[in-house]
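See below for the structure under consideration.
Residue numbers (the working numbering): 700 to 837.
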């Protein structure tokens with residue numbers, strides 16, 4: 700099951716484990732090292748949209764948070780950025796589009812544009828259905 704990660708006006712589909720990892724990263728940054736009394740509700744409310752809160756697996760958040768034990772804020776920010784930048788379409792601008800050209804494609808799609816080219820995705824998907832490098836287009 701994919702959920703949507705919303706950062707400002709941008710959306711990115713996430714697996715439940717990724718949602719839990721994001722909460723754990725923020726927990727280490729804001730609360731410090733894990734202890735049995737750690738509560739994540741405030742972090743979930745602050746960083747995860749309400750529609751996605753049910754996707755947060757608290758046991759997975761604890762598991763990830765324990766892995767970050769002893770990490771300082773600078774290291775956690777680096778971990779966060781590496782995690783976000785590992786997404787294939789990190790930095791892409793995503794547009795909601797409706798196509799009527801082909802019955803083989805869904806009518807409602809995302810069109811992602813990044814430095815490598817143009818990508819067509821099913822909405823709420825992380826994997827491009829079709830990608831075109833700029834040198835193939837021009």
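Cβ atoms here follow ideal geometry from the backbone N, Cα and C, with glycine treated the same way.
So who's on the other strand from residue 733, going by DSSP bridges?
If you number the chain shown from 1, residue 733 lands on position 34. Answer is none; residue 733 lacks a bridge partner.
Assign residue 755 to one of two classes, buried (16 or more other C-beta atoms within 10 Å of its C-beta) or exposed (fewer than that).
Translated into positions along the chain shown, residue 755 becomes position 56. When all chains shown are included, residue 755 counts as buried.
By alpha-carbon positions, which one of 784, 761, 820 ends up nearest to residue 797?
The residue labelled residue 797 in the question sits at position 98 within the chain shown. Nearest option by C-alpha distance: 820.
Does the segment 711-727 come close enough to the segment 763-781 to have 3 or more Cβ pairs within less than 8 Å?
Yes, the segment 711-727 is in contact with the segment 763-781.
Can residue 746 and residue 725 be called in contact, C-beta distance under 7 Å?
In the chain shown, residue 746 corresponds to position 47, counting from 1. In the chain shown, residue 725 corresponds to position 26, counting from 1. Closer than 7 Å, so yes.
Closest by CA to residue 788, which one among 768, 812, 778?
Indexing the chain shown from 1 puts residue 788 at position 89. Comparing Cα positions, the closest option is 812.
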